[in-house]
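First comes the structure, then the notes that go with it.
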């Protein structure tokens, strides 16, 4: 989650989001989605959204499965806390996050961030991240990373593992 202030982005034409959610919420979370219908847990997002701790903008990144229908039901279930931005074609996770963040910045939230749709990190970490930012005004961002803890496993293909190591090495050389 990052501290957020940003431009008012205005209309997005055909990629217009749903309602920008209710007043007074300090946290806006972008959830990029591409063919996530079978992984989304709408009940978990609905329950968390109803607490009023965060507003969610789900960015449907040109999905070809039932993701759009799942997100539509979720936004109807919690219209004050959930909005959907439909991108006509798949633009990739980075672009989906970028487009979503531009929209969330326009909401006037104190903090903005993005979250994986599969809830690899539980939603209950959102208030904890906000508390860290609240308690340390010098911080501009917090982030979480998957780490191997005793008794847990992280499944990654060997290709992904070596690509990640190659990237980390390249970054360390810069």
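In my numbering, the protein residues as written are -4 to 169. We put the beta carbon where it would ideally sit given N, CA and C, even for glycine.
Helix, strand or coil at residue 17 [DSSP, three-state]
Caution applies to residue 17, whose pLDDT of 46 falls short of 50 and renders its modelled position unreliable; the value that the coordinates give is listed next. Taken through DSSP and simplified to helix, strand or coil, residue 17 comes out as coil.
Residue range of the beta strand (DSSP E) that residue 78 falls in?
Residues 77 to 82.
With a cut-off of 8 angstroms on the beta carbons, I'd call residue 27 and residue 56 a contact; round off their distance for me.
So it is a contact: roughly 6 angstroms between Cβ atoms.
Tell me the DSSP secondary structure of residue 29 in three-state form.
The three-state secondary structure of residue 29, taken from DSSP, is coil.
Residue 50 (DSSP reduced to helix, strand or coil):
The answer is strand: DSSP assigns residue 50 an E or B state.
Tell me whether residue 65 counts as near the ligand ADP, meaning its Cβ is closer than 7 angstroms to at least one heavy atom of that ligand.
Although the ligand ADP was asked about, the structure shown includes no ligands whatsoever.
DSSP bridge partner residues for residue 24 (one or two, in chain order):
Partner(s): 51 and 108.
Would you mind sorting residue 164 into buried or exposed? The rule is 16 or more other CB atoms within 10 Å of its CB.
Classification for residue 164: exposed.
Measure the CB-CB distance between residue 104 and residue 21 and report whether it falls below 8 angstroms.
Their beta carbons are under 8 angstroms apart, which means residue 104 touches residue 21 by this criterion.
State the CB to CB distance for the pair residue 63 and residue 81, rounded to an integer number of angstroms; the pair is presumed to be in contact (CB under 8 angstroms).
The beta carbons of residue 63 and residue 81 sit about 7 angstroms from each other, so the pair counts as a contact at 8 angstroms.
Could you confirm whether any beta carbon from chain D is found closer than 8 angstroms to the beta carbon of residue 40?
Among the chains in the structure shown there is no chain D, since it carries only a single protein chain.
Can you tell me whether residue 61 is helix, strand or coil according to DSSP?
Shown here, residue 61 sits in coil according to DSSP, grouped into three states, outside any helix or strand.
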